[in-house]
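Visitor: Please read through the structure below; I'll follow up with questions.
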Amino acid sequence: MHVLYSFRRCPYAMRARLALQVSGVAYEHREVALKAKPVDMLAVSPKGTVPVLCLDSGEVLEQSLDIMYWALAQKDPDGWLPAYPQAKANADALIAANDGEFKANLDRYKYPQRFGLNDGLKHRDLGAAWLSELDVQLHKTAYLSGAHWGLSDACLAPFVRQFARTDRAWFDAQPWVHLSRWLLAFEASDAFAAVMHKHPLWVP
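With the sequence shown counted from 1, adding 12 to any position gets you my numbering.
And the structure:
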């Protein structure tokens, strides 16, 4: 059986689990502590970050997007994958912006001390500017992927959630009606509940 090394709160691992869940791919879940990474995981993936998916073929997927694309290539019952080239280009652009500049601002907002900052307010505001753009997009279409939930939504939602949870009162006070509705729907979804099930730490 395929084996997934994961950490419950990691947004990268979360989005990988979302794709595995919707695809129906069966796998063994191994919950790890990032402060005490198991030797077995480091043996197959020395980078030491999650998620890591070890396929029963022997191949190892070490990036969340690779895991998502692989899972959805097995089965994509809800049509998450972009259906045409422009949709794929739009998804690629959103995901790149999220994983690049927004993630950098999120980290500095949430953990300013790690970056030698007194506070993360500057980076909160920089991240907020991008979230405002997402709110505008969600005014035009029900989801970031268009008419229905898809790859872009699954890739971005865990990171927007992490940003929101850093100061939920501040986030909820922002005029992001469409973004807030989208995030609340994600947090209330069966899929989110399924992938956020608490697993005991895996012991070899």
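Every residue, glycine too, gets a C-beta built ideally from N, C-alpha and C.
(1) Classify Q129 as helix, strand or coil using the three-state DSSP reduction.
(2) In whole angstroms, give me the CA-to-CA distance for A38 and G128.
(3) Looking at Q174: is its Cβ nearer than 7 Å to the Cβ of P23?
(4) From this set, I79, A28, H14, which residue's C-alpha is nearest M208's C-alpha?
(5) Could you give the first and the last residue of the continuous beta strand (DSSP E) run that contains Y39?
(6) What is the rounded straight-line gap between the Cα of G139 and the Cα of L118?
(7) Give the straight-line distance between the Cα atoms of M53 and E113, rounded to the nearest whole angstrom.
(8) Just to confirm the assignment, what range does the alpha helix (DSSP H) spanning Y218 have?
(9) Helix, strand or coil: how does DSSP classify Y24 here?
(10) Three-state secondary structure (DSSP) at H160?
(11) What is the DSSP secondary structure of A203, reduced to helix, strand or coil?
(12) If you reduce the DSSP assignment to three classes, tell me which class S69 lands in.
(13) Skipping 5 residues on each side, what residues in its chain have a beta carbon closer than 7 Å to that of A135?
(14) Assuming F204 and K115 are in contact, meaning their beta carbons sit under 8 Å apart, how far apart are those beta carbons, in whole angstroms?
(15) May I have the straight-line CA-CA distance separating S18 from L67, to the nearest angstrom?
(16) Sort out for me which residues DSSP pairs Y155 with in a bridge.
(17) Between P212 and the rest of its own chain, which residues show a CB-CB distance below 7 Å, the 5 nearest in sequence each way excluded?
Guide: In short, the structure shows the following:
(1) As a working note, residue 129 is residue 117 in the sequence shown. Checking the sequence, you will find Leu at residue 129 rather than Gln. If DSSP states are grouped into helix, strand and coil, L129 belongs with coil.
(2) Translated into positions along the sequence shown, residue 38 becomes position 26. Translated into positions along the sequence shown, residue 128 becomes position 116. If you take the alpha carbons of A38 and G128, they lie about 43 Å apart.
(3) What you label residue 174 is simply residue 162 of the sequence shown in a count that begins at 1. What you label residue 23 is simply residue 11 of the sequence shown in a count that begins at 1. Taking 7 Å as the cut-off, the Cβ atoms of Q174 and P23 count as close.
(4) Taking the first residue of the sequence shown as 1, we reach residue 208 at position 196. The residue with the shortest Cα to Cα distance from M208 is A28.
(5) Counting from 1 along the sequence shown, the entry for residue 39 is found at position 27. Element bounds for Y39: 39-43.
(6) In the sequence shown, counting from the first residue as 1, residue 139 sits at position 127. In the sequence shown, counting from the first residue as 1, residue 118 sits at position 106. Those two C-alpha atoms are separated by around 7 Å.
(7) Here residue 53 is taken as the residue at index 41 of the sequence shown, counted from 1. Here residue 113 is taken as the residue at index 101 of the sequence shown, counted from 1. If you take the alpha carbons of M53 and E113, they lie about 29 Å apart.
(8) Residue 218 is absent from the structure shown; the chain starts at 13 and stops at 216.
(9) Mapped onto the sequence shown, residue 24 falls at position 12. Helix, per DSSP.
(10) Start at 1 with the first residue of the sequence shown, and residue 160 comes out as number 148. The answer is coil: DSSP assigns H160 none of H, G, I, E or B.
(11) Within the sequence shown, numbered from 1, the residue matching residue 203 stands at position 191. Helix, per DSSP.
(12) Here residue 69 refers to the residue found at position 57 when the sequence shown is read from its first residue. Reduced to three states, the DSSP call for S69 is coil.
(13) In the sequence shown, the residue the question calls residue 135 occupies position 123. Checking the sequence, you will find His at residue 135 rather than Ala. So the qualifying residues of the chain are N117, R120, Y121.
(14) Counting from one through the sequence shown, the residue named residue 204 turns up at place 192. Counting from one through the sequence shown, the residue named residue 115 turns up at place 103. Not confirmed; about 20 Å, so no contact.
(15) Numbered from 1 along the sequence shown, position 6 holds the residue referred to as residue 18. Numbered from 1 along the sequence shown, position 55 holds the residue referred to as residue 67. Approximately 14 Å between the Cα atoms of the pair.
(16) To locate residue 155, count along the sequence shown from 1; it is residue 143. According to DSSP, which records beta bridges pairwise, Y155 is partnered with G158.
(17) Stepping through the sequence shown from its first residue, residue 212 is reached at position 200. Same-chain partners within the cutoff: E43.
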